[in-house]
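Have a look at the structure below before the remarks.
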Amino acid sequence: MNIKRIVAGVYAVNCYIVYNDNKKGFIIDPGGDSDDIIKFIDEENVNLEFILLTHGHGDHIGAVNIIKEKYKLPLYVSVKEKDLLKDPVANLSKSIPPFRGIELVADKWLYDGEVIDFYGEKLYIMETPGHTVGSICILMGNVMFSGDTLFRMSIGRSDLPTGSFDEIINSIKKLYDLKKDYRVLPGHGAESNLRFEKENNPFMKNMNN
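Mapping of the sequence shown onto full-length UniProt numbering: position 91 corresponds to residue 91, and the numbering continues sequentially without gaps.
Rendered as C-alpha cells:
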C-alpha cells in the first residue's frame with residue numbers, strides 16, 4: 001500500500017492518504033487544509049472509498065465535511081466517539097479557527113477488534129482509549145496508525161474531554177504487548193517504530209519491569 005502524509009491544519013495533524021496500486025484508497029484524519037488534500041487526490045487519481053478517524057478532536061476532523069461532500073464518502077469512527085463528535089465544545093472544534101464548531105455523525109461505527117477488508121488488505125481496529133474515550137489505533141500489515149495515542153518518544157494528552165491518564169497508560173501497555181515491530185505513523189510529528197518506542201519512550205520502556 002502507498003501512504004501519503006499531508007501535514008494539515010493549524011495543529012499540524014498528520015493526514016494519511018492510503019491507496020493501492022489500482023488507486024483505490026481511503027483517508028485517515030483529514031484535519032484541515034482541504035485544498036492540499038484534494039490537490040493530491042485529484043493529481044494522483046486516487047479513488048477514495050471512505051474516511052477513517054483515529055478520534056474525534058477538532059484538529060483531526062476539520063476537513064471531513066469538505067472531503068466527505070466532494071467525494072461522497074462514508075465516515076468510519078469508533079462508536080465510543082459518538083458523543084464527542086456531536087459536541088463542538090468537547091471535540092474542541094469550536095475553539096479552533098477557522099472551523100468554529102463541527103458536529104459529525106458517522107456512517108459506520110467501528111468496534112474493538114473489527115476487521116475492515118480493503119481489497120485484500122486487512123485493517124484491524126484496536127481500541128486505545130485515554131486521549132479520548134473512543135481513540136483507536138489502526139493496524140495494517142506492518143503499519144500502525146496510532147493517532148494521538150502514541151507519538152515518537154511520547155504519548156497523547158489525557159487532560160482533554162473524555163481523556164484519562166490511567167486509560168492511556170493501559171492502552172500503551174496494549175501496544176507494548178504487540179509482538180510485531182510496527183512502523184508507527186502518529187497523528188502528529190515524526191514517524192517511529194514500535195521497537196524503538198519500547199526501548200526509548202519514557203512512557204513505554206519500563207513496562208516489562
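Cβ coordinates follow ideal geometry from the N, Cα and C atoms, glycine included. Given the structure is predicted, the values throughout are model-derived calculations rather than measurements.
Between the alpha carbons of Lys108 and Lys23 lies a gap of roughly 23 Å. For Tyr16, the closest of Gly147, Glu103, His57 by C-alpha to C-alpha distance is Gly147. Ranked by how close their Cα comes to the Cα of Lys4, the residues Val10, Asn20, Tyr11 have Asn20 in first place.
Secondary structure of Tyr124 (DSSP, three-state): strand. Membership of Asp112 in any alpha helix (DSSP H) is not indicated, and neither H nor E is assigned to it by DSSP. CA-CA distance, His131 to Ile169, rounds to 10 Å. Closest in C-alpha terms to Gly31, from the list Asn65, Tyr182, Asn45, Leu48, comes Asn65. Unbroken alpha helix (DSSP H) stretches of 4 residues or longer found wholly inside the segment 33 to 100: 34 to 43, 58 to 61, 64 to 71, 82 to 85, given in chain order.
In the structure shown, the three-state DSSP call for Lys24 is strand.
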